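A quick write-up on the structure given underneath.
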């Protein structure tokens with residue numbers, strides 16, 4: 016009986032020891048499993064953090080590249096706008112100089128024609144005064160006075176027409192100056208047209224002056240013939 020109890024006690028002790036060892040192994044296995052799971056979670060978290068950092072850095076580089084592209088594009092547009100403005104200012108200055116030169120030419124021509132007309136009028140007045148002093152006929156005096164008045168009226172009318180033409184040309188030049196934002200080729204073509212018109216106007220004024228001179232000479236010869 017004692018031996019049986021000893022065997023049973025020993026068997027129970029072995030069973031307890033086996034059970035304890037099994038529990039210890041299970042606990043160790045569970046601990047290793049938890050540690051492995053924790054390490055896996057740490058690696059996954061670290062990988063996700065690295066991915067976010069890489070994505071953030073990539074977005075920063077893309078944003079920086081886009082900003083540099085916009086700045087370069089803005090600078091290019093500014094240079095193009097500045098270049099276009101300088102071209103328009105240069106074109107406007109050139110057209111203003113051409114218009115001023117044409118106006119000065121027309122004014123000089125008008126002054127020359129006015130001086131010629133005044134000289135012809137003085138010549139006619141002097142001839143008329145001399146003929147009036149030499150004449151003793153009342154009828155001849157009236158005819159000479161009428162001819163002088165007719166010549167003076169014709170000269171005054173021609174002076175008014177010349178002044179009106181000058182004002183018309185000045186108005187045309189002012190209108191053309193307001194349109195100075197058009198292309199350079201159009202401005203040059205218009206300037207050439209103005210020059211041609213000015214040349215035609217000068218030829219017309221010279222022809223008219225020559226005609227007036229011939230008419231004045233003819234009238235003087237007629238008066239002298241009548242006096243004789």
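Residue numbers (the numbering used here): 16 to 243.
For every residue, glycine included, the Cβ atom is placed at its ideal position computed from N, Cα and C.
Given the structure is predicted, the values throughout are model-derived calculations rather than measurements.
Nearest candidate by alpha-carbon position, reference residue i, set the options
| i | options | result |
| --- | --- | --- |
| residue 136 | 108, 166, 107 | 166 |
| residue 174 | 194, 227, 190 | 227 |
| residue 234 | 117, 97, 140 | 140 |
| residue 239 | 57, 106, 159 | 159 |
Neighbourhood of residue i by C-beta distance below 8 Å, restricted to the same chain and skipping five residues each side
| i | result |
| --- | --- |
| residue 251 | A question about residue 251 goes unanswered here, because the residues of the chain that appear run from 16 up to 243. |
| residue 157 | none |
| residue 242 | 146, 149, 150, 155 |
Sequence-distant residues of the same chain with beta carbon closer than 7 Å to residue i, five excluded per side
| i | result |
| --- | --- |
| residue 196 | 103 |
| residue 172 | none |
| residue 193 | none |
Exposed unless 16 or more other CB atoms sit within 10 angstroms - verdict on residue i
| i | result |
| --- | --- |
| residue 275 | Absent from the model: residue 275. The displayed extent of the chain is 16 to 243, so no value can be given. |
| residue 143 | buried |
| residue 211 | exposed |
| residue 199 | exposed |
Neighbourhood of residue i by C-beta, 6 Å cutoff - its chain only, sequence neighbours within 5 removed
| i | result |
| --- | --- |
| residue 230 | none |
At least 3 beta-carbon pairs within less than 8 Å: the segment 203 to 216 vs the segment 109 to 125: yes
Check whether the segment 123 to 141 and the segment 203 to 223 are in contact - that is, three or more C-beta pairs closer than 8 Å. yes
At a cut of 8 Å, does the segment 178 to 188 reach the segment 119 to 126 through at least three beta carbon pairs? yes
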